[in-house]
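All letters in the sequence shown, in the order written, are residues 61 to 577 by this note's numbering. Ideal Cβ positions, reconstructed from N, Cα and C, are used throughout, including at glycine. All values derive from a computational prediction rather than experimental measurement. Beneath this line is the structure, given in structure tokens, with notes to follow.
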Amino acid sequence: MEQKSRTEYSAYNTSVALVSRALAIIMGYAVRIVFTHVLSENYVGINGLFTDILNVLSLSEMGIETAISFALYKPIAEGDTQRQKSIMNMYKWFYRFVAVFVLLAGLLVLPFMDVLIKNKPDIDRLSYIYVLYLMNTVLSYLFVYKRTLLDAHQLMYIGTLTKTVSWVIQDIVQIAVLLLTKNFILYLYIYIITTLLANIYISRKTDKMFPFIRERGAEPVPKEEKSSIIRNIRAMLMHKVGDVIVNNTDNLLISSFVGIASVGCYSNYYLLIGSIQQVLNETFQGLTASVGNLGVTTSPERVKKIFGAAFFLNNWLFGVAAICLFELLNPFVELSFGANYLFAPDIVLVLCINFYIRGMTKSCLVFRNSLGLFWYDRYKSIAEAAINLVVSIALAVQLGTLGVFIGTFVSTVTTSLWVEPYVLYKYHFHASVKPYYGLLALYCLEIAGIGLAVHAACEMAAGLLGVHSCTGLVALRLVICGILANVLFIAVNIKNGNLHFLYGKLKELVRRKKGHA
Numbered sequence: 061m062e063q064k065s066r067t068e069y070s071a072y073n074t075s076v077a078l079v080s081r082a083l084a085i086i087m088g089y090a091v092r093i094v095f096t097h098v099l100s101e102n103y104v105g106i107n108g109l110f111t112d113i114l115n116v117l118s119l120s121e122m123g124i125e126t127a128i129s130f131a132l133y134k135p136i137a138e139g140d141t142q143r144q145k146s147i148m149n150m151y152k153w154f155y156r157f158v159a160v161f162v163l164l165a166g167l168l169v170l171p172f173m174d175v176l177i178k179n180k181p182d183i184d185r186l187s188y189i190y191v192l193y194l195m196n197t198v199l200s201y202l203f204v205y206k207r208t209l210l211d212a213h214q215l216m217y218i219g220t221l222t223k224t225v226s227w228v229i230q231d232i233v234q235i236a237v238l239l240l241t242k243n244f245i246l247y248l249y250i251y252i253i254t255t256l257l258a259n260i261y262i263s264r265k266t267d268k269m270f271p272f273i274r275e276r277g278a279e280p281v282p283k284e285e286k287s288s289i290i291r292n293i294r295a296m297l298m299h300k301v302g303d304v305i306v307n308n309t310d311n312l313l314i315s316s317f318v319g320i321a322s323v324g325c326y327s328n329y330y331l332l333i334g335s336i337q338q339v340l341n342e343t344f345q346g347l348t349a350s351v352g353n354l355g356v357t358t359s360p361e362r363v364k365k366i367f368g369a370a371f372f373l374n375n376w377l378f379g380v381a382a383i384c385l386f387e388l389l390n391p392f393v394e395l396s397f398g399a400n401y402l403f404a405p406d407i408v409l410v411l412c413i414n415f416y417i418r419g420m421t422k423s424c425l426v427f428r429n430s431l432g433l434f435w436y437d438r439y440k441s442i443a444e445a446a447i448n449l450v451v452s453i454a455l456a457v458q459l460g461t462l463g464v465f466i467g468t469f470v471s472t473v474t475t476s477l478w479v480e481p482y483v484l485y486k487y488h489f490h491a492s493v494k495p496y497y498g499l500l501a502l503y504c505l506e507i508a509g510i511g512l513a514v515h516a517a518c519e520m521a522a523g524l525l526g527v528h529s530c531t532g533l534v535a536l537r538l539v540i541c542g543i544l545a546n547v548l549f550i551a552v553n554i555k556n557g558n559l560h561f562l563y564g565k566l567k568e569l570v571r572r573k574k575g576h577a
């Protein structure tokens with residue numbers, strides 16, 4: 061297999077993730093439009109609620125994938141296929157345990173449906189619908205564990221392409237099913253079949269690329285290494301428990317304190333916000349294996365320099381995206397789904413702030429996970445989850461939906477925003493984290509200033525041109541946000557060394573691409 065540089069692998073993974081996720085957003089948006097017009101808002105709410113319940117139960121595979129990926133980086137760098145085979149064999153049994161756990165835990169939820177759903181909607185076969193969601197989640201753990209080996213070899217783009225193709229086919233068939241039959245259960249059957257077939261394909265693809273994975277007689281992982289992996293899994297489990305509670309309980313709280321109709325509204329906003337978030341997350345996820353390789357082959361000083369550039373890019377992408385979301389969300393939702401699905405501007409503002417603040421932790425997370433530092437802040441996520449639940453519930457009683465989202469903001473600022481960089485700087489860079497905190501504050505002020513300027517320009521342009529329709533506002537604001545926000549960001553950072561570093565890397569990549577052509 062042809063070897064590429066870390067920069068080339070990162071570029072492949074990132075560019076494929078961007079294109080694939082953009083296509084997935086378009087198709088997902090088309091499905092949601094058909095979904096909301098063919099079925100009632102109660103189905104929209106149930107879809108979001110059941111998805112969150114199962115995310116809570118699965119605990120995002122309990123952090124096993126992250127711990128196993130880290131364990132694979134060194135044997136991959138050394139070309140040790142026997143250790144890779146041993147680790148993957150252990151990983152297989154871990155995932156089978158997760159599948160059984162999720163199945164049993166999911167079935168135990170069934171008696172508590174009345175508690176989880178306030179003002180239970182009149183939907184036939186509600187329990188059966190939930191079981192179908194559960195089966196899809198359980199099936200997602202079969203075969204797909206092999207994708208981690210591809211990702212650890214810096215080949216994440218292969219899995220991304222597979223997911224994208226399966227999603228596009230799934231979405232096209234689901235749209236046809238909804239339009240022709242209006243049958244929600246048949247819609248879910250398509251979901252399950254696609255998940256299973258995509259996982260089987262990626263499993264066979266991995267077997268073909270790495271034949272050693274099919275060989276029998278894998279040696280047991282050495283006791284000391286196994287203890288280290290299990291220790292890391294325990295740490296990641298604590299992280300995932302906290303992350304799931306913070307990220308996947310909003311629908312549960314809104315359903316319990318406000319009602320299922322409000323969950324339907326939030327689901328539409330989350331479709332848009334979550335789609336953009338996934339694009340940007342996968343952009344950084346494409347760096348993960350390269351950072352892991354960097355960590356085992358170069359000095360902390362070199363890693364720190366790369367991290368500085370990644371953090372700068374982090375601010376640029378999530379900052380501009382947050383500005384665009386604030387300007388576009390409400391007219392876009394009204395245009396797509398109707399005025400009855402709109403949130404008030406203050407709720408939209410908090411959603412966008414949360415998007416930006418949580419997004420600003422992404423570069424730290426990628427480097428922390430890739431460098432295997434997740435043990436040191438294992439209690440952080442538990443504290444974050446506790447703060448989120450307490451504050452969200454207290455404020456939900458007073459402020460309803462707005463209170464739930466403010467709770468998420470408070471929990472992030474008081475934990476993740478400062479703990480994760482502290483761990484990275486202390487245990488890998490061996491340097492003071494204070495400059496990072498100062499830079500974080502500067503970046504936040506910078507994005508706030510650019511956001512105010514862009515908002516004023518959008519309001520002024522709409523008034524001068526007399527644009528009031530949703531279609532016109534979406535088109536006008538998209539152009540202003542896309543151009544002005546980026547121009548202002550580059551102007552403000554024109555002397556920033558990280559901007560020039562990224563530009564240099566881009567030129568180097570283009571030069572290598574031309575050399576291969």
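Distance between residue j and residue i (C-alpha atoms, nearest Å)
{"i": "residue 226", "j": "residue 236", "result": "16 Å"}
{"i": "residue 120", "j": "residue 523", "result": "Residue placement at residue 120 cannot be trusted, given a pLDDT of 43 that sits under 50; the coordinates are not used to answer."}
{"i": "residue 501", "j": "residue 512", "result": "17 Å"}
{"i": "residue 154", "j": "residue 147", "result": "11 Å"}
{"i": "residue 371", "j": "residue 335", "result": "21 Å"}
{"i": "residue 456", "j": "residue 325", "result": "16 Å"}
{"i": "residue 376", "j": "residue 548", "result": "11 Å"}
{"i": "residue 532", "j": "residue 239", "result": "28 Å"}
{"i": "residue 484", "j": "residue 298", "result": "18 Å"}
{"i": "residue 552", "j": "residue 254", "result": "46 Å"}
{"i": "residue 493", "j": "residue 312", "result": "36 Å"}
{"i": "residue 359", "j": "residue 435", "result": "21 Å"}
{"i": "residue 296", "j": "residue 215", "result": "23 Å"}
{"i": "residue 8", "j": "residue 439", "result": "It is not possible to answer for residue 8, since the shown part of the chain is limited to 61 through 577."}
{"i": "residue 273", "j": "residue 281", "result": "15 Å"}
{"i": "residue 198", "j": "residue 260", "result": "14 Å"}
{"i": "residue 322", "j": "residue 306", "result": "18 Å"}
{"i": "residue 544", "j": "residue 508", "result": "14 Å"}
{"i": "residue 479", "j": "residue 473", "result": "10 Å"}
{"i": "residue 205", "j": "residue 300", "result": "18 Å"}
{"i": "residue 378", "j": "residue 413", "result": "10 Å"}
{"i": "residue 344", "j": "residue 192", "result": "32 Å"}
{"i": "residue 539", "j": "residue 219", "result": "33 Å"}
{"i": "residue 466", "j": "residue 535", "result": "30 Å"}
Three-way DSSP call (helix, strand, coil) for residue i in this model
{"i": "residue 185", "result": "coil"}
{"i": "residue 454", "result": "helix"}
{"i": "residue 400", "result": "helix"}
{"i": "residue 565", "result": "helix"}
{"i": "residue 206", "result": "helix"}
{"i": "residue 120", "result": "Caution applies to residue 120, whose pLDDT of 43 falls short of 50 and renders its modelled position unreliable; the model cannot decide the point."}
{"i": "residue 464", "result": "helix"}
{"i": "residue 554", "result": "coil"}
{"i": "residue 139", "result": "coil"}
{"i": "residue 322", "result": "helix"}
{"i": "residue 201", "result": "coil"}
{"i": "residue 359", "result": "coil"}
{"i": "residue 309", "result": "coil"}
{"i": "residue 449", "result": "helix"}
{"i": "residue 559", "result": "helix"}
{"i": "residue 99", "result": "coil"}
Proximity test, Cβ basis, 8 Å: residue i and chain D
{"i": "residue 485", "result": "The structure shown contains no chain D, having only a single protein chain."}
The ligand GDP heavy atom lying under 7 Å from the CB of residue i
{"i": "residue 136", "result": "This structure lacks the ligand GDP, and indeed carries no ligand of any kind."}
Is it a yes or a no for the stretch 546-558 touching the stretch 516-523, going by three-plus beta-carbon pairs under 8 Å? no
When the Cβ atoms of the stretch 162-173 are set against those of the stretch 237-256, are three or more pairs found closer than 8 Å? no
Please go through the stretch 466-545 and give each complete alpha helix (DSSP H) segment of 4 or more residues, from N-terminal end onward. 476-484, 494-525, 530-540
Run through the stretch 247-284 for me and flag every whole beta strand (DSSP E) of 3 or more residues, listed as ranges in chain order. none
Should the stretch 285-293 be regarded as contacting the stretch 410-427, the criterion being three or more beta carbon pairs within less than 8 Å? no
Within the chosen definition, does the stretch 79-88 reach the stretch 214-229 through at least 3 CB pairs nearer than 8 Å? yes
In chain order, each alpha helix (DSSP H) run of at least 4 residues that lies wholly inside the stretch 361-441: 405-419, 422-430
Three-pair Cβ contact test at 8 Å for the stretch 560-570 versus the stretch 401-419: no
Can at least three beta-carbon pairs, one atom from the stretch 327-342 and one from the stretch 384-398, be found at a separation below 8 Å? yes
Can we say the stretch 390-402 touches the stretch 445-456, given the rule of at least three CB pairs closer than 8 Å? no
Could you pull out every unbroken alpha helix (DSSP H) segment of at least 4 residues lying fully inside the stretch 214-247, listed in chain order? 216-241
Contact the stretch 252-269 vs the stretch 91-99: 3+ CB pairs below 8 Å: no
Within the stretch 146-174, note down every full alpha helix (DSSP H) run reaching 4 residues or more, in order along the chain. none
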